[in-house]
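Data first, discussion second: the structure below is written as structure tokens.
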Amino acid sequence: MSTHDIATSIERLAPEEGGWGLLSLEGGETPTAGVGPYRLALRRLRRNYTALAFGLLFLAIVAVCLLAPVYAHAIAHTGPNTQHLTETIKIGGKSRYVVSLQDVPIGPTWRGQFFLGADTQGRDLAVRLLYGGRTSLAIGAMAMVITVVLAGILGVVAGFFRGWVDGIISRVLDIIWAYPALLLAIALGVSLALGGVSIGPIHLHAGSIYVPAFIIGIVYVPYVARPIRGEVLGLREREFVDAARALGQSNFRIMASELVPNLTSTWVVFIALQLAQSIILEAALSFLGAGVQAPNASWGTLLSSGLSYFQKNPNLTLAPGIMLILTCLSVNVFGDGVRTALDPRAKVRVVR
Amino acid sequence: MKRTLRLASGVASAALLVGTLAACGSSGPARTGSGSSGGGGGGGQGQSSTASTAGGSSTGGGGGGGGYAPGGTLKVLMGTSPDSLDPDYGYTAQAAEADWIVYTPLLTYTHADGTTGTKIIPGLAQSLPTISDGGKTYTLTLRKGLKFSNGKPLVASDFAYGIERAIKLSWGGDSFFTGNIAGAAAFQGGKAKSISGIVTNDKAGKIVIHLTAPYGAFENVLSFPAAAPVPAGTAMKPLTLDPPPGVGPYEITSVKENVDFTLKKNPYFAGFHIPNIPTGYVNNIHVTIESNNNTETQMVLDNQADEFDWSDTIAGSYLQQVQTQAKDRYKAETLAGTDYFFMNTRTKPFDNAKAREAVNLAISRVALARLAGGQITPACSFLPPGIPGHVSGPCPFGSATATGSPADIAKAKKLIDQAGLKGTPVTVWSETRQPRQAYTTYLNGQLNAIGFKSTLRVISDSIYFQTIGSAKTNPQIGFADWFQDFPNPGDFYLLLDARAIKPINNENFGNVNDSHIQSAIKKLEMIPASKLSSVASQWQALEKYVSSKYYMAPYGYLIGPLFLSNRVDYSRVVFQPLYGDDWTSFELKK
């Protein structure tokens, strides 16, 4: 079969169908401009209504949490740590204690004040839920950034240089990986929560939210660095890397301008998935007392403090639990949608 | 879509795991654990006892009426592990509850509830001491034929060795010895090899104790488990995991720190025929540390355990259930103990009286009582009811008891501003257990409201009092409580006595060193226990002085639950006012 025959037999596929804008070269037609991979991915993502819906849900959760101060001031008229232990509120014309004499807090009022009820310290649960969301999301995001950046650097360097550099980096990652992430995070959380962390000129005081963010970020580095390293090991053998070397580019330039852009899709996927992982781990650490410290609010501390009242006031546990589920679910589903959209092997058809 | 759903359900399951596992209510970390009275020697019910049990001292060993019989294993739950079961080192209510029936001192208390339980009787001594030399010399004679639980014969010099050991190990109450027994201070300072004020004759079994000055409560001091004899040669270090042998109805057979410990009947004790000290009904007592007070409550409700830690607090969410479902085996006992917030008078900002006053104004005693589910009585003064010197009457910091009584934040803020202390960083120390963490969370919020920059530091119950009692920690403010060792205000004033300030195991957390208090204590502690009521007004005056200086922020008098399983003959149980549940009175169903 001649090259011409092959070319004529390649069907031009529309980009919407996953094609890469391949030409049908029949009798002298001019080639058509292709669509870039990211634009293609965006188109695929736009058609994934489930992923979009969950992505919007996540954005809605973030927006609502960011508006916590507005809610606290304008609607609930209280702060996240303000205690109303001896106060009463009027519900249906009847005066009720926010916290009863037996230390049982009021349940959901479904009104501005104490919309979801109060906790045992007389604090507005809805306000704490939103402020807690800010903390949990902030820690999750910071941890994700730490993980992705550190893992990216280590993975690229290890995969590119190989040899003893790869050996050292991989062994360090193996040591971290040898410990279950949760146990390692708990151990670090407990030891660093009291004394804080000092890294050179940077000092994170005990009780700072940067401490759990730092811990979670470090703990997940191997889980991201190893796949990136694996990809780099393959990419470094590609011809564009040889071409860059031939052009006399430095190693750093090659890594930055040749390898990193080709890892973008991997990073994007990890960003979404790692965000969910970090939020869950933060909740677990805070629940166990090794993350966010009382009386600061996070979804984990809310779960922990509401636990002992689960029978009488299930709202104290259900509210943060449901928020956690919705947030992590939405991030994971959206992240899965992004991964599917970016997968270059998703739709390519060759017609004989 | 199918793949997304699988993934979604997988994530949902994973995220639900947090709430679901949490809801299982496991006896895991002590984060929401139960409380214990730290720092106090024994249990306390004071003169305002509400006990309705038949009580009275029981000689034990008989029993068997109404479906109950001697024998079996009593299953006890404690919310906090004893700091140490070594009698010369441990000084918490949990430690005392066990040590009292393992280490009988020369003198002890009646095994009875109410005020009868505060009566001192001979223990290992043949009789109460002969007091001479103007109250400065105490002479006692040991009973004959006594042996430790390991079979070693007891001699008089073992008593002296026990006192020396308690001083060497820096027992929390050692100032009772060093401040009163001649030569004890020199021994503590390393200037003497023994305590010159204790003279013993092993052959005659005679013990003579010389004091530096008359001390009215010295018989109470001799009744501490820490004053019990231990075999000479016992290691001069805390034997927390392998406590020394004692002379008591029971002996300690195994200890797993922070997990459990076991007592079994001392085979020798019944043969000594010591009157008024029961030998006990049950053969074994197994104590498990259960820091989650919900689990603790549920286990006793379900009769999986026999005793709820009386120094603990039943969570408000369970209280009604206990009061209805187990009303025949639950009672709230008034205890002679006080919850308070200490303030370090040697450290900023609480070296300033205005700051201390502001704290007292900023806390609502009613709010704190609510956090305890009504299981403390709101209070303003340090000495609880039933202790001579207790001050009743209106609280100077706003009503202590009126429902809805708020704190005076505005006035407190003004004081902080006047003192120029706004924005001062403060660390509030707390245990993990509830409701103590709830108390300190409340305090933390109030301190921030009045202008401090306050943060909460929560540490494990098992090391809490050692940590705040260490000079290295130098805590500013935090939770503390005191439960009477004996019904004498001098016992409570250990916490304000400058002589009690030590680099470790310090009980005077506020580091209070006030010459007026020192001279008053010195004068009043000479009064014999039998004449306490004659100086009650002087103790009251001292109380008012302490309040005027705001040296501490008392907020509640303790109420303890006598909550048992249906395996126990509730009618025979003795709630000893100084040591809590008297395990020698527990008899189990056949």
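Chains as they are written, first to last, in the numbering used here: chain S, 1 to 352; chain W, 1001 to 1590.
We put the CB at the ideal spot given by N, CA and C, even for glycine.
Residue nearest to Leu1494 (chain W) in terms of C-alpha spacing, selected from W:Leu1154, W:Leu1383 and W:Ile1416: Closest in alpha carbon position to Leu1494 (chain W), among W:Leu1154, W:Leu1383 and W:Ile1416, is W:Leu1383.
Relative to chain W, which residues along the region 92–105 of chain S have a C-beta separation below 7 Å, given in chain order? For the region 92–105 of chain S, which is checked against every Cβ of chain W, the residues closer than 7 Å are Val99, Leu101, Gln102, Asp103 and Val104.
In this structure, does DSSP put Asn1360 (chain W) in helix, strand or coil? Three-state result, Asn1360 (chain W): helix.
Straight-line Cα distance separating Pro1245 (chain W) from Pro1238 (chain W): In this model, Pro1238 (chain W) and Pro1245 (chain W) are separated by some 13 Å (Cα to Cα).
Simplified DSSP assignment, three categories, for Asn1293 (chain W): Correct three-state label for Asn1293 (chain W): helix.
Taking Cβ-Cβ distances below 7 Å as the criterion, which residues of the region 1296–1318 of chain W are in contact with chain S? Residues Ala1315, Gly1316 and Ser1317.
Should Val156 (chain S) and Val224 (chain S) be called a contact, given that it needs their Cβ atoms to be closer than 7 Å? In this structure, Val156 (chain S) sits away from Val224 (chain S), with a CB-CB distance that is not shorter than 7 Å.
Using a Cβ cut-off of 7 Å, which residues of the region 303–320 of chain S contact any Cβ in chain W, in chain order? From the region 303–320 of chain S, only Leu303, Ser304, Leu307, Ser308, Tyr309, Phe310, Gln311, Lys312 and Thr317 have a Cβ closer than 7 Å to chain W.
Among S:Ser198, S:Ile169, S:Leu285 and S:Ala76, the one whose alpha carbon lies nearest that of Arg229 (chain S): Check the Cα spacing between Arg229 (chain S) and each of S:Ser198, S:Ile169, S:Leu285 and S:Ala76: the tightest is with S:Ile169.
Taking 8 Å as the limit between beta carbons, can you name the residues of its chain near Gly112 (chain S), skipping five residues before and five after? Answer for Gly112 (chain S): Ile75, Ala76 and His77, listed in chain order.
Within 8 Å, do at least three Cβ pairs link the region 1127–1140 of chain W to the region 1218–1238 of chain W? Proximity of the region 1218–1238 of chain W to the region 1127–1140 of chain W meets the contact definition, three or more beta-carbon pairs being nearer than 8 Å.
Quick one, are the C-beta atoms of Gly1389 (chain W) and Gln1518 (chain W) less than 7 Å apart? Taking 7 Å as the Cβ cut-off, Gly1389 (chain W) and Gln1518 (chain W) do not qualify as a contacting pair.
Quickly, what does DSSP pair Ala1125 (chain W) with across the bridge? List them, please. DSSP output for Ala1125 (chain W) lists W:Leu1142 as bridge partner(s).
Distance between Leu1319 (chain W) and Ala1326 (chain W) (C-alpha atoms, nearest Å): Here the alpha carbons of Leu1319 (chain W) and Ala1326 (chain W) stand approximately 10 Å from one another.
Does DSSP put Leu1335 (chain W) in a helix, a strand or coil? Leu1335 (chain W) falls in the strand class under three-state DSSP.
Name, please, each residue of chain W whose Cβ falls closer than 8 Å to the Cβ of Ala294 (chain S). Under the 8 Å cutoff, chain W gives Gln1437, Thr1441, Leu1456 and Val1458.
Are the beta-carbon atoms belonging to Gly1172 (chain W) and Glu1507 (chain W) less than 7 Å from one another? For the 7 Å CB-CB criterion, Gly1172 (chain W) and Glu1507 (chain W) form a contact.
Quick check on DSSP: helix, strand or coil for Gly1043 (chain W)? Its pLDDT being 32, under 50, Gly1043 (chain W) is placed unreliably in this model, and the coordinates cannot settle the point.
Measure the alpha-carbon distance for Gly1117 (chain W) versus Gly79 (chain S) and round it to whole angstroms. Using only the alpha carbons, I get a separation of about 49 Å.
Please name the residues in the region 79–90 of chain S whose beta-carbon is closer than 8 Å to at least one beta-carbon of chain W, in chain order. Under the 8 Å Cβ criterion, the region 79–90 of chain S contributes Asn81, Thr82, Gln83, Leu85, Thr86, Glu87 and Thr88.
I want to see whether chain S comes within less than 7 Å of Arg1370 (chain W), judged by CB atoms only; does it? With 7 Å as the cut-off, Arg1370 (chain W) counts as an interface residue toward chain S.
Shortest alpha-carbon distance to Met1552 (chain W) belongs to which of W:Thr1377, W:Thr1338, W:Thr1130 and W:Ala1367? Among W:Thr1377, W:Thr1338, W:Thr1130 and W:Ala1367, the Cα nearest to that of Met1552 (chain W) belongs to W:Thr1338.
Please state the DSSP three-state secondary structure of Phe1563 (chain W). For Phe1563 (chain W), the secondary structure class from DSSP, reduced to helix, strand or coil, is strand.
Contact set between Ala1367 (chain W) and chain S, taken where Cβ atoms lie within less than 7 Å: What Ala1367 (chain W) touches in chain S: Leu85 and Thr86.
Status (buried if at least 16 other CB within 10 Å, exposed otherwise) for Ile1416 (chain W): Sixteen is the threshold: when 16 or more other Cβ atoms of the shown chains lie within 10 Å of the Cβ of Ile1416 (chain W), as they do, the residue is buried.
Let me confirm a value: Gly1044 (chain W) is counted as buried when at least 16 other C-beta atoms fall within 10 Å, else exposed. Which label applies? Residue confidence for Gly1044 (chain W) is low, a pLDDT of 29 falling below 50, so the modelled location carries little weight and cannot support an answer.
So Ser1081 (chain W) and Glu1257 (chain W) are supposed to be a Cβ contact under 8 Å. How far apart are they, rounded? Contact annotation, Ser1081 (chain W) with Glu1257 (chain W): C-beta distance approximately 7 Å; criterion of less than 8 Å satisfied.
Contact set between Gln113 (chain S) and chain W, taken where Cβ atoms lie within less than 8 Å: What Gln113 (chain S) touches in chain W: nothing, since even the nearest Cβ is about 17 Å away.
Judging by CA-CA distance, which residue of S:Thr86, S:Gly93, S:Gly152 and S:Pro37 is the nearest neighbour of Leu101 (chain S)? When only C-alpha atoms are compared, the closest one is S:Thr86.
Take every Cβ of the region 1351–1360 of chain W, pair it with every Cβ of the region 1558–1567 of chain W, and state whether three or more of those distances are shorter than 8 Å. Counting Cβ pairs under 8 Å, fewer than three are found: no touch.
Identity of the residue in W:Asn1293, W:Thr1110 and W:Pro1396 nearest Ser1548 (chain W) by Cα: It is W:Pro1396.
Output yes if chain W places a C-beta closer than 7 Å to the C-beta of Gly207 (chain S); else output no. Yes, Gly207 (chain S) lies at the interface with chain W (some Cβ there is under 7 Å from its Cβ).
Assign Asn1352 (chain W) to buried or exposed, taking buried as 16 or more other Cβ atoms, counted over all protein chains shown, within 10 Å of its Cβ. Buried, by the Cβ-count rule.
Can Thr1427 (chain W) and Gln1466 (chain W) be called in contact, C-beta distance under 7 Å? Contact flag unset, no.
Could you tell me which residues DSSP puts in a beta bridge with Arg1457 (chain W)? Beta-bridge annotation (DSSP): Arg1457 (chain W) is paired with W:Trp1429.
At a Cβ threshold of 7 Å, is Gln274 (chain S) touching chain W? Output row for Gln274 (chain S): interface = no.
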